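>
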Amino acid sequence: MVAPTRTRLVKLGKSKAIRIPQQMLKQVGLVSIVELAADRQRIVIQPLARARRPRQGWAKSFKKMAKLGDDRLLDVLPDSSQCKMAEVEK
Numbered sequence: 435m436v437a438p439t440r441t442r443l444v445k446l447g448k449s450k451a452i453r454i455p456q457q458m459l460k461q462v463g464l465v466s467i468v469e470l471a472a473d474r475q476r477i478v479i480q481p482l483a484r485a486r487r488p489r490q491g492w493a494k495s496f497k498k499m500a501k502l503g504d505d506r507l508l509d510v511l512p513d514s515s516q517c518k519m520a521e522v523e524k
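According to the numbering used here, the sequence shown holds residues 435 to 524 in order.
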């Protein structure tokens with residue numbers, strides 16, 4: 435485990451940046467894209483793989499549903515062809 439380290443905020447355009455030691459990056463698995471979050475008085479940086487990904491696993495679930503025939507729409511109108519013709523006439 436890498437010991438806590440002090441670092442300085444440096445100016446980067448209109449933002450601020452910090453330098454993170456290589457060992458610390460390797461320890462937590464930070465590569466290139468990370469998620470930043472403000473948590474009370476802390477800034478939390480975490481790898482994207484551990485970050486919350488709202489649609490993670492959906493593709494696999496949809497394939498399984500299709501295979502089981504459980505992917506039909508539940509709110510389809512009885513005769514959707516009439517609706518399409520009505521839209522064309524407008």
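Beta carbons are placed, not taken as given, at the ideal position from N, Cα and C, and that holds for glycine.
For clarity, every value in this text was computed on a predicted model and none was experimentally measured.
The beta strand (DSSP E) that contains A500, what's its start and end?
Element bounds for A500: not the beta strand (DSSP E) but the alpha helix (DSSP H), 492-502.
> Do the CB positions of P455 and V468 come within less than 8 Å of each other?
no
> With DSSP as the reference, label V468 as helix, strand or coil.
Here V468 sits in strand by DSSP.
> What residues in its chain sit with their C-beta under 6 Å from that of L464, if we drop five residues either side in the sequence?
Excluding the 5 residues flanking it on each side, L464 has same chain C-beta neighbours closer than 6 Å at P481, in chain order.
> What residue range is occupied by the uninterrupted beta strand (DSSP E) comprising K448?
No beta strand (DSSP E) holds K448; DSSP gives it neither H nor E.
> Whole angstroms is fine: what's the gap from V444's alpha carbon to R453's?
9 Å
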